[in-house]
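Okay, so here's the structure we're looking at.
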Amino acid sequence: MSRNNAGLSTERIITEALRIIDGQGLRRLTMRRLGDALNVEAMAVYHHFPLGKEQLFEAIVAYITDVTPSAASSEEEADTDQGESPAADPYRGMSAEVPWDERLRNWARAYRQALLRHSGALTLLINRRPDTPAATRSLELHYAAFHEAGLRGAAVVQASAVLDSYVTGAVIHEVREAGLAGAAPAVVDGRFPHVHRLDNVALDPDQRFEEGLEATLSALARDA
Numbered sequence: 001m002s003r004n005n006a007g008l009s010t011e012r013i014i015t016e017a018l019r020i021i022d023g024q025g026l027r028r029l030t031m032r033r034l035g036d037a038l039n040v041e042a043m044a045v046y047h048h049f050p051l052g053k054e055q056l057f058e059a060i061v062a063y064i065t066d067v068t069p070s071a072a073s074s075e076e077e078a079d080t081d082q083g084e085s086p087a088a089d090p091y092r093g094m095s096a097e098v099p100w101d102e103r104l105r106n107w108a109r110a111y112r113q114a115l116l117r118h119s120g121a122l123t124l125l126i127n128r129r130p131d132t133p134a135a136t137r138s139l140e141l142h143y144a145a146f147h148e149a150g151l152r153g154a155a156v157v158q159a160s161a162v163l164d165s166y167v168t169g170a171v172i173h174e175v176r177e178a179g180l181a182g183a184a185p186a187v188v189d190g191r192f193p194h195v196h197r198l199d200n201v202a203l204d205p206d207q208r209f210e211e212g213l214e215a216t217l218s219a220l221a222r223d224a
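Residue numbers (UniProt numbering): 1 to 224.
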């Protein structure tokens with residue numbers, strides 16, 4: 001098959017772009033390098049993304065943040081084996097039959113894992129409005145769950161923003177902790193007594209996330 005006709009699909013391009021980002025970093029992603037990885041000319045990639053890298057970035061963000069079931073996947077979910085665990089099928093844990101707080105827990109866990117899996121692309125989320133179909137499905141899940149919890153109007157919108165902020169912030173915190181040390185890190189000594197006393201306290205990332213998630217949901221539910 002020629003380098004100009006490799007049976008490309010949008011999803012294949014996105015997943016290959018993410019492979020480059022995950023392995024080499026966002027700055028290493030170019031249309032030429034992506035074409036080489038796909039064994040096609042760069043123009044074949046432009047056929048799917050005629051507006052170039054910015055359009056590709058938008059598609060990557062939509063792909064990463066797509067953690068809620070579409071109408072089609074919800075129908076497929078109803079036909080699957082009921083003995084399958086929610087961990088094996090995260091979409092099932094977000095269906096309307098699940099209690100509101102569990103739906104939000106499952107969304108938060110799935111969203112965290114998606115962001116951690118492709119943490120090299122986190123910066124792409126910052127300057128792009130969450131207005132994709134995937135983002136709108138997440139928003140609908142949030143609003144429906146918080147409405148079920150007893151919140152109304154602006155309180156629903158605020159609760160959704162708080163939950164999204166918690167998950168995104170927790171991921172950023174986790175990624176930064178695993179990052180490279182600075183060129184001149186601060187010396188933690190008696191000048192910072194509280195930091196010095198707790199400097200060797202290590203928290204399990206999963207436990208920290210779960211405890212923070214419970215605290216967030218509990219605080220939001222109290223406003224109902």
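Even glycine gets a Cβ: it sits at the ideal position worked out from N, Cα and C. As the structure is a computational prediction, the values presented were derived from the model and not from experiment.
Query, Result
"From the DSSP output, in three-state form, read off S95 for me.", "coil"
"Does D81 pass the burial test, meaning 16 or more other C-beta atoms within 10 Å, or should it be called exposed?", "Below a pLDDT of 50, predicted positions are generally treated as unreliable, and D81, at 48, falls in that range; no measurement from the model is reported."
"Inspect the beta-carbon positions of L34 and I21 and report whether they are closer than 8 Å.", "no"
"Name the two residues that bound the continuous alpha helix (DSSP H) containing V195.", "193-198"
"Are there three or more Cβ pairs, one per stretch, closer than 8 Å when the segment 193-206 is compared with the segment 135-144?", "no"
"Label N106 either buried or exposed according to how many other C-beta atoms from any shown protein chain fall within 10 Å of its C-beta, with 16 as the threshold for buried.", "buried"
"In angstroms, rounded to a whole number, what distance separates the CA positions of T132 and V61?", "9 Å"
"Check whether the Cβ atoms of A170 and F209 lie closer than 8 Å to each other.", "yes"
"Using three-state DSSP, classify S73 as helix, strand or coil.", "Residue confidence for S73 is low, a pLDDT of 48 falling below 50, so the modelled location carries little weight; the figure read from the coordinates is stated next. The answer is helix: DSSP assigns S73 an H, G or I state."
"If you compare alpha carbons, which of E54, A221, P205 is closest to N127?", "E54"
"Which whole-angstrom value is the C-beta distance of I13 and L38, which I expect to be below 8 Å?", "7 Å"
"Starting from the Cα of A161, find the closest Cα among P185, A121, A108 and give me that residue.", "A108"
"Helix, strand or coil for R12 per DSSP?", "helix"
"I'd like the ranges of any alpha helix (DSSP H) spanning at least 4 consecutive residues and lying wholly in the UniProt domain \"Tetracycline repressor TetR C-terminal\" (100-219).", "100-117, 123-126, 133-148, 154-177, 193-198"
"For E84, I'd like the list of residues in its chain whose CB is within less than 6 Å of its CB, leaving aside the five on either flank, ordered along the chain.", "Summary for E84: the model assigns pLDDT 47, below 50, so the residue's position carries little reliability, and this model does not support an answer."
"Can you tell which of S165, D189, A202, A154 has its C-alpha closest to the C-alpha of E177?", "A202"
"Indicate the three-state DSSP secondary structure (helix, strand or coil) for F57 in the structure shown.", "helix"
"Candidates V188, E211, Q207: which alpha carbon is nearest N200's?", "V188"
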